[in-house]
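Peer 1:
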Amino acid sequence: MKQQYKSYDEGCAFLEECVQKYPDLITVENIGTTWENRPILLATISLHVAYANLKPALLYTGTAHAREWIGHELGIDFIDYILSNHQNNPEILETLTHNTLYLVPCLNPDGFEYSRKHFSFWRKNRRDNGDGTFGVDLNRNFSVGYNKSTFTAGNTYSGPHPFSEPETLAIKKFVDSHANITLALDYHSQGNVFFPAHKFNHESEIEGTDMNTLCANMNYHIHKITGREYGINRGKPPTKLISGSGREYYYEQGILAIVVEVGTRNIPDYIQNMSESVNENIPALLYALGEAKSYGETAPKRVSNFHIDSFSSNSCSLKWEYDSNPSVYFKIYRNLNNKMSCNHSSLIATTCNMEFIDENLKSGTMYFYYIRAINKLSKTKSPFAPKVKLKTLLGDAEFSRTIFPHASDIGYVAEKSPEANHGHFGVQSLKVGVSQGRGISYGIMRFDLSSIPEDAIILETKVSLYPLNRVSAKIEKYGEWSLSIINQDSISNIRDFEQVHQAKHIKTIGGSIPSEKLTQGIWSHWDCNEFERKIIQSQLKRQSMILKLEGPTVLPIGRDSQLMVFDLGYGNAGGGLHYRPSIDIKYTVPSKEISIELQNSMTIAPEEIVHDSMACGFNKDDEKIYAYMSFDLSKLPDPDESIITDAWIEITNTSTVKKTVDIRYNVEFVDLEEFSYQDILERERIEFIGYEVSSAELGKKKKHHFLFDHYSKLALEEKQRLGEEAKFVIHPTSTLCRDHLIKWSHKGKKAAKLMVKYIKRRKHPLPSVVNLQCKVENKLVKLTWDKIEDNDLVGYYVVRNRWHTPKSPFDGVKLYAGLDNYTFDNFGSTKMDKYFAVFTYDNVPNFSQASEIQYKAK
Ligand SMILES: [Zn+2]
Numbered sequence: 006m007k008q009q010y011k012s013y014d015e016g017c018a019f020l021e022e023c024v025q026k027y028p029d030l031i032t033v034e035n036i037g038t039t040w041e042n043r044p045i046l047l048a049t050i051s052l053h054v055a056y057a058n059l060k061p062a063l064l065y066t067g068t069a070h071a072r073e074w075i076g077h078e079l080g081i082d083f084i085d086y087i088l089s090n091h092q093n094n095p096e097i098l099e100t101l102t103h104n105t106l107y108l109v110p111c112l113n114p115d116g117f118e119y120s121r122k123h124f125s126f127w128r129k130n131r132r133d134n135g136d137g138t139f140g141v142d143l144n145r146n147f148s149v150g151y152n153k154s155t156f157t158a159g160n161t162y163s164g165p166h167p168f169s170e171p172e173t174l175a176i177k178k179f180v181d182s183h184a185n186i187t188l189a190l191d192y193h194s195q196g197n198v199f200f201p202a203h204k205f206n207h208e209s210e211i212e213g214t215d216m217n218t219l220c221a222n223m224n225y226h227i228h229k230i231t232g233r234e235y236g237i238n239r240g241k242p243p244t245k246l247i248s249g250s251g252r253e254y255y256y257e258q259g260i261l262a263i264v265v266e267v268g269t270r271n272i273p274d275y276i277q278n279m280s281e282s283v284n285e286n287i288p289a290l291l292y293a294l295g296e297a298k299s300y301g302e303t304a305p306k307r308v309s310n311f312h313i314d315s316f317s318s319n320s321c322s323l324k325w326e327y328d329s330n331p332s333v334y335f336k337i338y339r340n341l342n343n344k345m346s347c348n349h350s351s352l353i354a355t356t357c358n359m360e361f362i363d364e365n366l367k368s369g370t371m372y373f374y375y376i377r378a379i380n381k382l383s384k385t386k387s388p389f390a391p392k393v394k395l396k397t398l399l400g401d402a403e404f405s406r407t408i409f410p411h412a413s414d415i416g417y418v419a420e421k422s423p424e425a426n427h428g429h430f431g432v433q434s435l436k437v438g439v440s441q442g443r444g445i446s447y448g449i450m451r452f453d454l455s456s457i458p459e460d461a462i463i464l465e466t467k468v469s470l471y472p473l474n475r476v477s478a479k480i481e482k483y484g485e486w487s488l489s490i491i492n493q494d495s496i497s498n499i500r501d502f503e504q505v506h507q508a509k510h511i512k513t514i515g516g517s518i519p520s521e522k523l524t525q526g527i528w529s530h531w532d533c534n535e536f537e538r539k540i541i542q543s544q545l546k547r548q549s550m551i552l553k554l555e556g557p558t559v560l561p562i563g564r565d566s567q568l569m570v571f572d573l574g575y576g577n578a579g580g581g582l583h584y585r586p587s588i589d590i591k592y593t594v595p596s597k598e599i600s601i602e603l604q605n606s607m608t609i610a611p612e613e614i615v616h617d618s619m620a621c622g623f624n625k626d627d628e629k630i631y632a633y634m635s636f637d638l639s640k641l642p643d644p645d646e647s648i649i650t651d652a653w654i655e656i657t658n659t660s661t662v663k664k665t666v667d668i669r670y671n672v673e674f675v676d677l678e679e680f681s682y683q684d685i686l687e688r689e690r691i692e693f694i695g696y697e698v699s700s701a702e703l704g705k706k707k708k709h710h711f712l713f714d715h716y717s718k719l720a721l722e723e724k725q726r727l728g729e730e731a732k733f734v735i736h737p738t739s740t741l742c743r744d745h746l747i748k749w750s751h752k753g754k755k756a757a758k759l760m761v762k763y764i765k766r767r768k769h770p771l772p773s774v775v776n777l778q779c780k781v782e783n784k785l786v787k788l789t790w791d792k793i794e795d796n797d798l799v800g801y802y803v804v805r806n807r808w809h810t811p812k813s814p815f816d817g818v819k820l821y822a823g824l825d826n827y828t829f830d831n832f833g834s835t836k837m838d839k840y841f842a843v844f845t846y847d848n849v850p851n852f853s854q855a856s857e858i859q860y861k862a863k
């Protein structure tokens, strides 16, 4: 099992060979000597390597933990790949022209050799602690957050003082003396996940978008090779900072630093798993190396104040600021999920302007926007501005709900813990899959649907779960996780394993997610198709729905666990309320129909006006004869409380038609006060209603429907609001036909009616709050505002953003939603400037314009 892996000596020998073979590309130096007298080798790779230190650089470190062999293996193979392909791969050559790679394949040679020869699961270095124990955890021995421990036998013993170990001291000295390092990747195992650094001050960092996007773009390359998607987990507050780790030390020096946890085992099957891990990481590493210069001194400056200026249900206007610079342009990227790649696959605009309008968006949908500046000549990219997040407004007839299960209605039930299952609800996390200890384990959750009307028509449904960690999912590419709607009659107790196990599935929803795509730190979504939505719709009359989440149910020989862990949002193992599972439902309701009788009608010809008659065509002198009709709109519901979903005019013609005559008739929505023939000729047209009908069509059908378009429906509502009639003219056109009249009404029969379908729904948001203030109280920022007195108010929605004014309630961290007229910025820092916005919302919900305030730290 271990034989195919390279030893430390073999790695060193390989590096020396490379220096012989490619002296212009690689140098190798010894940056320190271990307790057991092994050299710690660092390779420098760049085109014209003598100038390497003048270029922006990526620092690679591997195998700081002895048993995590991927670092050494990948480091050596990456060097081999670059050197042996640089001549025939222009991308490598280009990358090495502008960037430098510093690579330490193994930061812990003594521990690595001990792990290879003696004890596979050894983690620390080989310091003699003098008390019969050996080893210091190198990744606890750096200075940032260093936590002195005395338990020398422990796996995470941090050593007598920061940098007490030759290995950590060596890399510290190297980093301190190489200010050109802009990126640091520290390779560990296991979990298939990126862990970017953080500063643990409970606020987003200016480099947050950079680090997440670097990981997402690396993920793009990984996915191309193996279909795998790594997690991107930036460790959110209040997660505990790892004390004394290299990553946080590098980050403190201004380097973007990321730990990459590869694989699902420390020393996996070489041919099946390790080679796959290496193969998928090489293109990702090459990409990362090329990004070093984006963070170097010659890179363009980051765009500032990238923000939403305005948005609607289908468009968004973005603005930003940049010091005037003719050699710079901007690239804008858009994604539908957080932590997705920003490259050609998501690029939506290239512009020199300082604003961009994105159109053709979907209503009620979340979008993520990114921007970077590019130098026209050097093609060097800038760092990213902090991302902008938006949820477009709902469509006219749409409502939406985000529903979270109550704490007592979500948990997991495991086969081998019948006594304990009851206690799994509302605490800790969802553990789903199979393990030797627990047997089969299901997640189960009940959603309260009572806030959605029973007759709702569901337009979109998305279930979202947040995978927490993959440490219990130990087998590569094994198992799928799927969600099913459960027949509620087949289960009475969701905390009973047997009942959950036996419960009847109505339907699996949204497809299943295979293990390699369940990624920690990135939301998993299950989207429902129409058939699945109809089943959810059928659950509305029960006012609740039960979903069961299941993974694999059997384990291969010799394996002990394949459990995926999802955040509950409750309990101290979770990330808090923002990480609760949820179901998003967009819906509409059935419309009501009103039929409005004709109010007035006229036939308006040059020679006379005939009341209570509708005829239209041409007279003997080839002059047009118009029909006029109007409708009283007072029967329609209040336009502020309703939406017209459909409107049409139905007209019945009574006269016979000559089929050979080519006349066409238009219905026009008009503004008309006087009715002389001259007034008709000079009429002000609002819009055409529907399409023309021809004489021939009139012969075929007695009834004709003229449909209102979107604009005409709005015009109809406007007429109603003003208390005016809706007026229409039927207007004939012809190329050569003459002397022909169509009678639409006859002998006092009413020829036309206006049909309107509508739903009850508030159209406009409530007013914004006034008198928004912030001050520090009990070491927290407290926001207060004046109450809005309105029966339709459902609540106030408060959001925080450290970088720009949040114009959308979703552009930042949600602090509060409810009816109080104050909130605290819990977990936030009082020592940093930031922006807050408060929105009011009704039951649609329509959100008001933002009331904004900037908090200035002293
Ligand atoms: Zn590690």
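One point on numbering: in the working numbering, the residue at position 214 of the sequence shown is 219, and numbering is uninterrupted.
Cβ coordinates follow ideal geometry from the N, Cα and C atoms, glycine included.
How far does the alpha helix (DSSP H) with residue 251 in it extend, from its first residue to its last?
Peer 2: Within the sequence shown, numbered from 1, the residue matching residue 251 stands at position 246. Note, residue 251: alpha helix (DSSP H), 251 to 257.
Peer 1: May I ask which residues mark the beginning and end of the beta strand (DSSP E) holding residue 121?
Peer 2: The count along the sequence shown starts at 1 and reaches residue 121 at position 116. Run containing residue 121: none in the beta strand (DSSP E); it sits in the alpha helix (DSSP H), 114 to 122.
Peer 1: Taking 7 Å as the line, does the beta carbon of residue 73 fall inside it for any heavy atom of ligand 1?
Peer 2: Mapped onto the sequence shown, residue 73 falls at position 68. Yes, since a heavy atom of ligand 1 falls inside the 7 Å radius drawn around the Cβ of residue 73.
Peer 1: Is residue 144 near ligand 1 - that is, is its Cβ less than 7 Å away from at least one heavy atom of it?
Peer 2: Position 139 of the sequence shown, counting from 1, holds the residue named residue 144. Checking every heavy atom of ligand 1 against the Cβ of residue 144, one is found closer than 7 Å.
Peer 1: According to DSSP, simplified to helix, strand and coil, what is residue 375?
Peer 2: Locating residue 375 in the sequence shown gives position 370, where the first residue counts as 1. Correct three-state label for residue 375: strand.
Peer 1: Cβ-heavy atom distance between residue 70 and ligand 1 below 7 Å?
Peer 2: Residue numbering aside, residue 70 sits at position 65 when the sequence shown is read from its first letter. Checking every heavy atom of ligand 1 against the Cβ of residue 70, one is found closer than 7 Å.
Peer 1: Using a threshold of 7 Å, is the CB atom of residue 429 nearer than that to any non-hydrogen atom of ligand 1?
Peer 2: Taking the sequence shown and counting its residues from 1, one reaches residue 429 at position 424. No; taking the cut-off as 7 Å, the Cβ of residue 429 has no heavy atom of ligand 1 nearer than that.
Peer 1: Counting C-beta neighbours from all protein chains within 10 Å, is the total for residue 568 16 or more, i.e. buried, or is it exposed?
Peer 2: Here residue 568 is taken as the residue at index 563 of the sequence shown, counted from 1. It is buried - the Cβ of residue 568 has at least 16 other Cβ atoms within 10 Å.
Peer 1: Measure from the alpha carbon of residue 324 to the alpha carbon of each residue in 674, 279 and 391, then state which is nearest.
Peer 2: The residue you call residue 324 lines up with position 319 of the sequence shown. Checking every option, the nearest Cα to that of residue 324 belongs to 391.
Peer 1: Give the range of the beta strand (DSSP E) segment to which residue 737 is assigned.
Peer 2: Within the sequence shown, numbered from 1, the residue matching residue 737 stands at position 732. 731 to 739 is the extent of the beta strand (DSSP E) around residue 737.
Peer 1: Taking all protein chains shown into account, decide if residue 865 is buried (16 or more other Cβ within 10 angstroms of its Cβ) or exposed.
Peer 2: Beyond the ends of the chain as shown, which are 6 and 863, falls residue 865; an answer cannot be given.
Peer 1: From this set, 693, 330 and 673, which residue's C-alpha is nearest residue 381's C-alpha?
Peer 2: Here residue 381 corresponds to residue number 376 of the sequence shown, with the count starting at 1. Measuring from the Cα of residue 381, the nearest candidate turns out to be 330.
Peer 1: Comparing C-alpha positions only, which one of 814, 827 and 615 sits nearest to residue 853?
Peer 2: Reading the sequence shown from its first residue, position 848 is the one you call residue 853. For the residues 814, 827 and 615, the minimum Cα distance to residue 853 belongs to 814.
Peer 1: Rounded C-beta distance between residue 202 and residue 263? I'm assuming under 8 Å.
Peer 2: Translated into positions along the sequence shown, residue 202 becomes position 197. Translated into positions along the sequence shown, residue 263 becomes position 258. Confirmed, about 7 Å.
Peer 1: Say the cut is 7 Å; is the CB of residue 193 nearer than that to a heavy atom of ligand 1?
Peer 2: Here residue 193 is taken as the residue at index 188 of the sequence shown, counted from 1. Within the cutoff, so yes.
Peer 1: With a threshold of 8 Å between beta-carbons, can residue 309 be considered close to chain B, or not?
Peer 2: No chain B is part of this structure, which consists of one protein chain only.
Peer 1: Distance check for residue 211 and residue 726, CA to CA, integer angstroms please.
Peer 2: Position 721 of the sequence shown, counted from the first residue, corresponds to residue 726. Position 206 of the sequence shown, counted from the first residue, corresponds to residue 211. Looking at the two C-alpha atoms, the distance is approximately 49 Å.
Peer 1: From what residue to what residue does the alpha helix (DSSP H) around residue 221 run?
Peer 2: Residue 221 sits at position 216 when you count from the first residue of the sequence shown. From DSSP, the alpha helix (DSSP H) with residue 221 extends over 213 to 231.
Peer 1: Scan the region 506 to 534 and note each continuous beta strand (DSSP E) run of 3 residues or more that stays entirely inside, going in chain order.
Peer 2: You should have 510 to 519 and 529 to 532.
Peer 1: For residue 279, which of helix, strand or coil comes out of DSSP?
Peer 2: Looking up residue 279 in the sequence shown gives position 274. Of the three classes helix, strand and coil, the one that applies to residue 279 here is helix, per DSSP.
Peer 1: Where does residue 605 sit, in a helix, a strand or coil, going by DSSP?
Peer 2: Residue mapping note: residue 605 aligns to position 600 of the sequence shown, counting from 1. The answer is strand: DSSP assigns residue 605 an E or B state.
Peer 1: Within the continuous alpha helix (DSSP H) that includes residue 703, where are the two ends?
Peer 2: Here residue 703 refers to the residue found at position 698 when the sequence shown is read from its first residue. Residues 700 to 705.
Peer 1: Buried or exposed, going by whether 16 or more other CB atoms sit within 10 Å of the CB of residue 690?
Peer 2: Reading the sequence shown from its first residue, position 685 is the one you call residue 690. By the 10 Å Cβ count, residue 690 comes out exposed.
Peer 1: Helix, strand or coil: how does DSSP classify residue 717 here?
Peer 2: Numbered from 1 along the sequence shown, position 712 holds the residue referred to as residue 717. If DSSP states are grouped into helix, strand and coil, residue 717 belongs with the helices.
Peer 1: Residue 505 to residue 801, Cα distance in whole Å?
Peer 2: In the sequence shown, counting from the first residue as 1, residue 505 sits at position 500. In the sequence shown, counting from the first residue as 1, residue 801 sits at position 796. Looking at the two C-alpha atoms, the distance is approximately 38 Å.
Peer 1: Terminal residues of the continuous beta strand (DSSP E) containing residue 418?
Peer 2: Within the sequence shown, the letter at position 413 stands for residue 418. Where residue 418 is concerned, the enclosing beta strand (DSSP E) stretches over 415 to 419.
Peer 1: Using only the heavy atoms of ligand 2, determine whether one of them is closer than 7 Å to the beta carbon of residue 65.
Peer 2: No copy of ligand 2 occurs in the structure displayed; its ligands are ligand 1 alone.
Peer 1: Which of the three DSSP states, helix, strand or coil, is assigned to residue 449?
Peer 2: Here residue 449 is taken as the residue at index 444 of the sequence shown, counted from 1. Note: residue 449 maps to strand in three-state DSSP.
Peer 1: From the DSSP output, in three-state form, read off residue 583 for me.
Peer 2: Within the sequence shown, numbered from 1, the residue matching residue 583 stands at position 578. Three-state DSSP puts residue 583 in a helix.
Peer 1: Tell me the residue span of the beta strand (DSSP E) that contains residue 621.
Peer 2: As a first step, residue 621 is located in the sequence shown; it is residue number 616 there, counting from the start. Start and end: 620 to 623.
Peer 1: With a threshold of 6 Å on Cβ separation, who are the neighbours of residue 695 within its own chain once the five nearest residues in sequence on each side are excluded?
Peer 2: Stepping through the sequence shown from its first residue, residue 695 is reached at position 690. Contacts found: 711 and 712.
Peer 1: Under 8 Å between the Cβ atoms of residue 842 and residue 804?
Peer 2: Walking along the sequence shown from the start, residue 842 turns up at place 837. Walking along the sequence shown from the start, residue 804 turns up at place 799. Their beta carbons are under 8 Å apart, which means residue 842 touches residue 804 by this criterion.
Peer 1: For the structure I just gave you, are there three or more beta carbon pairs, one from the region 452 to 464 and one from the region 485 to 493, closer than 8 Å?
Peer 2: Not touching, per the Cβ criterion.
Peer 1: Closer than 8 Å is the cut-off here; do at least three beta carbon pairs connect the region 23 to 42 with the region 119 to 139?
Peer 2: Judged by Cβ distances under 8 Å, the region 23 to 42 makes contact with the region 119 to 139, as three or more pairs qualify.
Peer 1: So for residue 144, helix, strand or coil by DSSP?
Peer 2: For this step, residue 144 is matched to residue 139 along the sequence shown. In this structure, residue 144 counts as helix in the three-state DSSP scheme.
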